[in-house]
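In this text, residue positions in the first sequence follow numbering that gives the first Met the number 0: the first is 0, and each later residue adds one. The C-beta atom is built at its ideal place from N, Cα and C for all residues, glycine as well. Accompanying notes for the structure given below.
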Amino acid sequence: MAYYRPPGPAPDPIIVRDLTRQQDEMRRLVRLQPLPHEPRLIAGCDSSFPTPETVLSVFVVLRFPTLEVVEKVYHTSPVTLPYIPGLLAFREAPNLLRAYEKLQHQPDVIMVDGHGIAHPRRMGIAAHLGVLLDVPTFGVAKQKLTGNYQEPSLAKGSRSPLTDKSGELLGEVIRSKDKVNPLFVSPGHRCDQATATRLTLACLRGYKLPEPTRLADYWAEEFKKEL
DNA sequence: GCGACAG
DNA sequence: ATCTTGTCGC
């Protein structure tokens with residue numbers, strides 16, 4: 000619905016250039032491949048902002064494929080960067096890493112709220128987090144960042160490819176529930192499209208959002224109230 | 001020059 | 001992301 004961006008502090012062009020270069024470096028480390036084995040534990044993560052200068056990140060670990068919650072943790076820290084399309088990871092990943100360190104259980108794969116390689120430089124927050132943790136990751140976003148696609152049919156389970164101008168596959172647009180806006184699923188690191196799509200569908204429980212993200216979303220909101 | 005623009 | 005009430009449709 001964001002047809003334009005309200006006036007605000009113009010992001011420092013020098014910072015933007017530097018972070019963009021960091022992404023181009025990290026991009027070379029990304030590996031698209033199937034998981035070594037079926038996951039036993041899958042994690043979901045998300046961030047909320049109790050105040051404009053505070054970020055709160057949550058990690059929820061679920062057993063797979065039963066989806067029972069095994070554990071959930073959160074961490075808060077001061078915001079260091081404004082939101083800039085394409086540079087979301089530099090704003091949220093640092094705090095997500097701190098939250099991840101608090102986990103007692105190490106997940107086999109992480110479902111991240113945002114895009115994986117469906118990014119201008121193929122380094123969305125899911126790929127970024129995957130490289131930093133060296134853990135399999137994939138992204139599930141509610142809105143498109145880049146790429147083109149045909150609207151999938153209105154039935155749950157219908158999908159259509161998300162591609163860039165040259166036709167390269169960036170991700171898949173998936174209808175996770177009848178008649179609701181589709182999800183944008185793309186691999187992050189050490190994961191491939193087939194796996195990302197399969198796991199997303201396997202985590203649906205009647206809601207638009209797959210359980211890992213839905214629960215992380217829920218707790219990110221709950222923990223915020225506790226502050 | 002004109003759109004598009006994760007959370 | 002966040003601010004916010006009611007309301008339309010299945």
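Requested in this report: Mind listing, in chain order, the continuous beta strand (DSSP E) runs of no fewer than 3 residues lying wholly within the stretch 65–139?
Outcome: For secondary structure counted as the beta strand (DSSP E) over 3 or more consecutive residues, the stretch 65–139 holds these complete runs in sequence order: 68–77, 108–112.
**Report entry** Per-residue burial, His127 [other beta carbons within 10 Å of its own, 16 or more giving buried]
**Finding:** Counting of Cβ neighbours within 10 angstroms places His127 among the buried residues, the total reaching 16 or more.
**Report entry** Integer Cβ distance of Leu161 from Phe137, believed to fall under 8 Å
**Finding:** Their Cβ separation, rounded to whole angstroms, is 13 Å, which puts Leu161 and Phe137 out of contact at 8 Å.
Query - Pair within 8 Å by beta-carbon distance, Phe58 and Arg39 - result: Not in contact: Phe58 and Arg39 (Cβ atoms no closer than 8 Å).
Requested in this report: Could you check the C-alpha separation between Ala92 and Ser157 for me, to the nearest Å?
Outcome: Using only the alpha carbons, I get a separation of about 31 Å.
**Report entry** Sequence-distant residues of the same chain with beta carbon closer than 8 Å to Arg120, five excluded per side
**Finding:** These residues qualify, in order along the chain: Thr19, Gln22, Asp23, Arg26, Gly85.
Query raised in the report: Does the beta-carbon of His36 have 16 or more other beta-carbons within 10 angstroms, so that it is buried, or is it exposed?
Result: The residue is exposed, with fewer than 16 neighbouring Cβ atoms inside 10 Å.
Query raised in the report: Which residue from Phe89, Lys71, Thr50 puts its Cα closest to that of Arg16?
Result: It is Phe89.
Query raised in the report: If you follow the alpha helix (DSSP H) that Asp163 is part of, which residue opens it and which one closes it?
Result: It is not in any alpha helix (DSSP H) - Asp163 carries neither H nor E in the DSSP assignment.
Report task. Compare the Cα-Cα distances from Leu229 to each of Leu132, Val68, Ala117, Pro77 and report the closest residue. Result -> Missing from the structure shown is residue 229; the chain here goes from 0 to 226 and no further.
Query - Backbone secondary structure at Asp45 - three-state DSSP - result: Strand.
Query - Whole-angstrom C-beta distance between Val179 and Ser159, which should lie under 8 Å - result: Actually they are not in contact, since the Cβ atoms of Ser159 and Val179 sit about 15 Å apart, beyond 8 Å.
Query raised in the report: Which of helix, strand or coil does DSSP assign to Arg158?
Result: Strand at Arg158.
Query raised in the report: So is the beta-carbon of Lys143 under 7 Å away from any non-hydrogen atom of the ligand COA?
Result: The ligand COA is not among the ligands present in this structure, which contains no ligands whatsoever.
Query raised in the report: Do Pro211 and Ile41 have their C-beta atoms closer together than 8 Å?
Result: Yes.
Requested in this report: Report all residues from its chain with a CB closer than 6 Å to the CB of Gly170; omit the five preceding and five following residues, and keep chain order.
Outcome: The beta carbon of Gly170 is closer than 6 Å to those of Ala117, Leu161, Phe183, Val184, Ser185 in its chain, skipping five residues each way along the sequence.
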